[in-house]
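Under mature numbering (1 follows the signal peptide of the UniProt record, and there is no 0), the residues of the sequence shown are numbered -21 to -1, 1 to 163, in order. Just so it is clear, CB atoms sit at the ideal spot from N, CA and C, and this is done for glycine as well. These numbers come from a predicted model, not from an experiment. So the structure is just underneath, and the comments pick up after that.
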Amino acid sequence: MEKAFTFFLLTILLLLHHVMTQTNITTDQLALLSLKSQISSDPFHFLNESWSPAISVCHWVGITCGSRHQRVNSLNLSSMTLTGTIPSDLGNLTFLISLDLGSNNFHGKLPQEIAHLHRLKFLDLSFNNLRGEIPSWFGSLHQLEVLNVISCIQINKQEIIKDEKKKQKNYPSPHNSLCFLKKI
């Protein structure tokens, strides 16, 4: 009787683990499909050909998953000539360590939900066309080691000077110089 109960308990735990893993990877998949839906131009069809719900996100172009939890820990879409906006759902990729959207044509405002990526160590938004103020929530990304926003966020000169003096300590090196940001 005791062996049967132990077996039953072990089976339930394994099923719960499987369901939780599937739910989490579904959360990642939905966040990435939201990003794909915001891409208005993918001239080389990088995302159209591999980002399909029928394929595990861990096998999508630009995606790396962790071996332990099978959650998305790296999103690298750099230099893919993508045009679009960055959706707030990207903030649901809570296991993300590296986010590289550099050298594309993302435009609009950077969503505040990116601040939910507490594991983020690398963030490259360089050479895009984002608008708005330098987000104050960059300072809440405590694990961040590399931040590259060169020629990315369009703001006016007074905002650069004000934010540089007020928040420079929050911008990790080597890209803590804000003087390369475009002016409006």
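Quiz item: Going by DSSP, what residues sit across from residue 85 in a beta bridge?
Solution: Working through the sequence shown from its first residue, we reach residue 85 at position 106. Answer is 63, bridged to residue 85.
Quiz item: Looking only at DSSP bridge pairs, what is residue 77 linked to?
Solution: What you label residue 77 is simply residue 98 of the sequence shown in a count that begins at 1. Looking at the DSSP assignment, residue 77 forms a beta bridge with 53 and 101.
Quiz item: Just the Cα atoms here: how many angstroms apart are residue 57 and residue 68?
Solution: Translated into positions along the sequence shown, residue 57 becomes position 78. Translated into positions along the sequence shown, residue 68 becomes position 89. Going by the C-alpha atoms only, they are around 19 Å apart.
Quiz prompt | Stretch-stretch touch, CB-based, cutoff 8 Å, three pairs: the segment 84 to 98 with the segment 31 to 44 | solution = no
Quiz item: Based on Cα-Cα distance, which residue from 36, 123, 108 and 120 lies nearest to residue 60?
Solution: Numbered from 1 along the sequence shown, position 81 holds the residue referred to as residue 60. With distances taken between Cα atoms, residue 60 lies closest to 108.
Quiz item: What are the boundary residues of the beta strand (DSSP E) that residue 19 is part of?
Solution: Counting from 1 along the sequence shown, the entry for residue 19 is found at position 40. First-last of the beta strand (DSSP E) with residue 19: 18 to 20.
Exercise. State buried or exposed for residue 45, treating a residue as buried only when at least 16 other CB atoms are found within 10 Å of its CB.
Key: Indexing the sequence shown from 1 puts residue 45 at position 66. With fewer than 16 Cβ atoms within 10 Å of its Cβ, residue 45 is classed as exposed.
Practice problem: Would you tell me roughly how many angstroms separate the C-alpha atoms of residue 85 and residue -20, rounded to the nearest one? | Solution: Within the sequence shown, the letter at position 106 stands for residue 85. Within the sequence shown, the letter at position 2 stands for residue -20. Going by the C-alpha atoms only, they are around 59 Å apart.
Exercise. Look up residue 109 in the DSSP assignment and say whether it is helix, strand or coil.
Key: On the sequence shown, residue 109 is found 130 positions in, with the first residue counted as 1. Three-state result, residue 109: strand.
Quiz prompt | Enclosing beta strand (DSSP E) for residue 71 [first to last residue] | solution = Locating residue 71 in the sequence shown gives position 92, where the first residue counts as 1. No beta strand (DSSP E) holds residue 71; DSSP gives it neither H nor E.
Quiz prompt | Opening and closing residue of the alpha helix (DSSP H) in which residue 26 lies | solution = As a working note, residue 26 is residue 47 in the sequence shown. Note, residue 26: alpha helix (DSSP H), 25 to 29.
Quiz prompt | residue 17 versus residue 10: straight-line alpha-carbon distance, rounded | solution = In the sequence shown, counting from the first residue as 1, residue 17 sits at position 38. In the sequence shown, counting from the first residue as 1, residue 10 sits at position 31. Distance between the alpha carbons of residue 17 and residue 10 is about 11 Å.
Self-check item: Alpha carbon of residue 116 to alpha carbon of residue 102, nearest angstrom
Solution: In the sequence shown, residue 116 corresponds to position 137, counting from 1. In the sequence shown, residue 102 corresponds to position 123, counting from 1. Near 13 Å, if we compare the C-alpha coordinates of residue 102 and residue 116.
Practice problem: Measure the alpha-carbon distance for residue 105 versus residue 125 and round it to whole angstroms. | Solution: Here residue 105 refers to the residue found at position 126 of the sequence shown. Here residue 125 refers to the residue found at position 146 of the sequence shown. Answer to the nearest angstrom: the Cα atoms are 12 Å apart.
Quiz item: To which residues of the same chain is residue 119 closer than 7 Å at the C-beta, ignoring the five residues directly before and after it?
Solution: By 1-based counting over the sequence shown, the position of residue 119 is 140. Excluding positions up to five away in sequence, the list reads 94.
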